[in-house]
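Just so we're aligned: the sequence shown equals residues 3 to 433 in my numbering.
Some notes on the structure that comes next.
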Amino acid sequence: MSPASQHPGNWGSVCKSTGPGSQHPGCACYAVRAGASRDEEDKVKLSVLGSAFHVPAQGSSPLANPLSISALPGPHVRVIHDAHAAQLALTPDQPSCPRLLRVAIIGAPNAGKSTLANQILGRKVFGVSRKVHTTRCTSAGVLTEDDAQIVLLDTPGLTSPSRSKRHGLAPSFTKDPQASLEQADVVLVCVDVSDPWLKTRCQLDAQTLNCLRKNPELPSLLVLNKVDILKGKSDLLEITEALSYDVTAALARDKRVAAEEAGSEPDGAGPLHEGAEPPKEVTRPRRHGRAPRSFFHDVFMVSALNGDEVETLRGYLLSRARASPWRFHSSVLTDQTPMQLSLDAVRARLLEVLPQEVPYLIKQSVLHWEEGPSGELHIIQQLTVTKNSHMRMLLGRGGSCVAAVSRLAQWDLSSVFMRDVRLNLSVKLIS
Ligand SMILES: Nc1nc2c(ncn2[C@@H]2O[C@H](COP(=O)(O)OP(=O)(O)OP(=O)(O)O)[C@@H](O)[C@H]2O)c(=O)[nH]1
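Below you can see the structure in the form of structure tokens.
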């Protein structure tokens, strides 16, 4: 059964069939397509504080043109669930000396973690939007190059248990980031430096700090993101020093408390800086004083959106992969199921285009999933709302809003499935 025959609305038009007797009450059906452009990039690199710093000048994004991505050869997600599961279960086709690096990407909501992960992978695997909590649970993106495999664990934005409770967030929001650190070889802390208040961006949020304190042995990277919208690039050094100080001071405090509880003096160096004396009292770095050694192994200053300096970070991660068997077959792009990918792609686009809390209240379900005769994928998703006003917003004038969501999500899905996707969104009101 083709989606068009099942669905009374024509592709690219609003379905007029409504009322109790209709097959799809109050629905709108679309299938649309689009494209975009890209620029060139320059790189500037400087070294300071014992860490490598990578600062972008102007840049571009390989993700800017989704059609060019679809044309890329490479791993992609199988559209049939069983085929996808079988692909994940394949014995890795690794070389004789395989290398692996599992990277947990953590940070505050909206810091740009998913954008960064997508940019490193060169494919839009994770949903991105300007609203917080786009990512709801941890999932993996896989980059395999020569003998090295990088598994990027994209995690939900860190949030406190009380905030999570207040907003009715799923348990994965508080559990997944911590759990991902337990599976990782390195933690990448993504910080949004675009906040106009220097004071705010010079402080690690409590949740990020807690994650690092619970895993002090895990090597860590600091990625200062969104430098494209940072006016004073000279602030980057100060931000790095302050963020590093936050962790060093917290670890020193933890060590003192543990030593006091054990009735002894703190001794020995922290695992991150073997051979160095742990600071008894860490003082906040002074602008013209001697800066303390950076807590973070390396610091990158990037624009995940434009891709500036992301290639440097990608090369760094590949070079740091350790001798270890691969986790996945080289044909794997992500561990997310095809249906989950389709739901997340639409959700992210809904979050992008709809105001305030409206997109968070939309329920989604997949009504139809079929591979067409030419390999194209036909999907029908139902979007259910409970308020007339939300229904109107979702449809937009003449159905323009839901059409835009469908078109944009379709792009995203074409890139991960590497085939034509016909996405049809049916909107339903339940009062
Ligand atoms: N200007 C600019 N915007 C960025 C950059 N990186 C990400 N963004 C934007 O920041 C917003 C949030 O990006 P996401 O990747 O969804 O952030 P996240 O950290 O995964 O968000 P959560 O799902 O809430 O955890 C989106 O609108 C991105 O386009 C960047 O380098 N520069």
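Note that the Cβ used here is the ideal one computed from N, Cα and C, for glycine as well.
Every value quoted in this text rests on a predicted model; they were computed, and no experiment measured them.
Could you check whether the Cβ of Pro198 sits closer than 7 angstroms to any heavy atom belonging to ligand 1?
no
Using only alpha-carbon positions, find the residue among Leu226, Ile107, Ser164, Glu147 that is nearest to Thr137.
Ile107
So if DSSP puts Ile381 in a beta bridge, which residue, or which two residues, is it bridged to?
Trp371, Leu425
For Arg292, does the count of other Cβ atoms within 10 angstroms reach 16, so buried, or fall short, so exposed?
Confidence is the limiting factor: at Arg292 the pLDDT is only 47, short of 50, which leaves the residue's position unreliable, though a coordinate-based value still follows. Arg292 should be labelled exposed.
Consult DSSP for Gly114 and reduce its assignment to one of helix, strand or coil.
coil
Rounded straight-line distance, which links the Cα of Ser164 to that of Pro173
12 angstroms
Do you know offhand how far Leu133's Cα is from Lys235's?
One point to set straight first is that residue 133 is Lys, not Leu, in the sequence displayed. Rounded to whole angstroms, Lys133 to Lys235 spans 25 angstroms at the Cα level.
Residue closest to Leu366, alpha-carbon to alpha-carbon, out of His380, Gln185, Leu345:
Residue identity check: residue 366 is Gln in the sequence provided, not Leu. Checked all of His380, Gln185, Leu345; the closest Cα to Gln366 is Leu345.
Less than 8 angstroms separating the beta-carbons of Val189 and Val304?
no
Count the CB pairs spanning the segment 103–122 and the segment 148–165 that are closer than 8 angstroms, and state whether there are at least three.
yes
Span separating the alpha-carbon of Arg421 from that of Arg125
14 angstroms
Report the three-state DSSP secondary structure of Val34 (helix, strand or coil).
The predicted model places Val34 with a pLDDT of 28, which falls under 50 and marks its position as unreliable, so this point remains unresolved.
With distances taken from CA atoms, which of Trp199, Ala325, Asn390, Ala208 is nearest Gln96?
Ala325
Cβ-heavy atom distance between Pro158 and ligand 1 below 7 angstroms?
yes
Cα-Cα, which of Gln121, Asp194, Ser296 is closest to Pro221?
Ser296
Indicate, with yes or no, if ligand 1 has a heavy atom lying under 7 angstroms from the CB of Pro111.
yes
Report the option in Leu397, Leu123, Ile382 whose CA atom is closest to the CA atom of Arg424.
Ile382
Taking the alpha-carbon positions, what's the Phe330 to Leu92 distance?
7 angstroms
Going by DSSP, name the residue or residues bridged to Asn438.
Residue numbering for the chain in the displayed model covers 3 to 433; residue 438 lies beyond these limits and cannot be assessed.
Element boundaries [beta strand (DSSP E), containing Met303]
300–303
Nearest candidate by alpha-carbon position, reference Cys139, set Leu239, Pro158, His78:
Pro158
Cβ separation of Phe175 and Ser166, assumed to be a contact under 8 angstroms, to the nearest whole Å:
5 angstroms
What does Ile432 pair with, by DSSP beta-bridge criteria?
Per DSSP, none; premise fails for Ile432.
Secondary structure at Ile82, three-state DSSP: helix, strand or coil?
coil
Are Pro327 and Pro94 touching if we call contact CB-CB under 8 angstroms?
yes
Mapping the DSSP letters down to three states, classify Leu154 as helix, strand or coil.
strand
Using only the heavy atoms of ligand 1, determine whether one of them is closer than 7 angstroms to the beta carbon of Ser162.
no
Cβ of Arg132 within 7 angstroms of any heavy atom in ligand 1?
yes
Taking the continuous alpha helix (DSSP H) assigned at Thr136, which residues delimit it?
Run containing Thr136: none; DSSP gives neither H nor E here.
Which residue from His135, Cys99, Ser333, Ser98 puts its Cα closest to that of Ser116?
His135
Can you tell me where the alpha helix (DSSP H) holding Leu415 begins and where it ends?
402–419
Would you check if the segment 310–323 and the segment 249–260 touch, i.e. whether three or more CB-CB distances between them fall below 8 angstroms?
no
Nearest to Thr146 by CA position, among Leu160, Phe128, Val130, Leu123, is which residue?
Leu123
Simplified DSSP assignment, three categories, for Thr176:
helix
Please name the residue in Leu415, Ser417, Ser408 whose C-alpha comes closest to that of Ser428.
Ser408
Going by the beta-carbon positions, is the gap between Val404 and Leu410 smaller than 8 angstroms?
no
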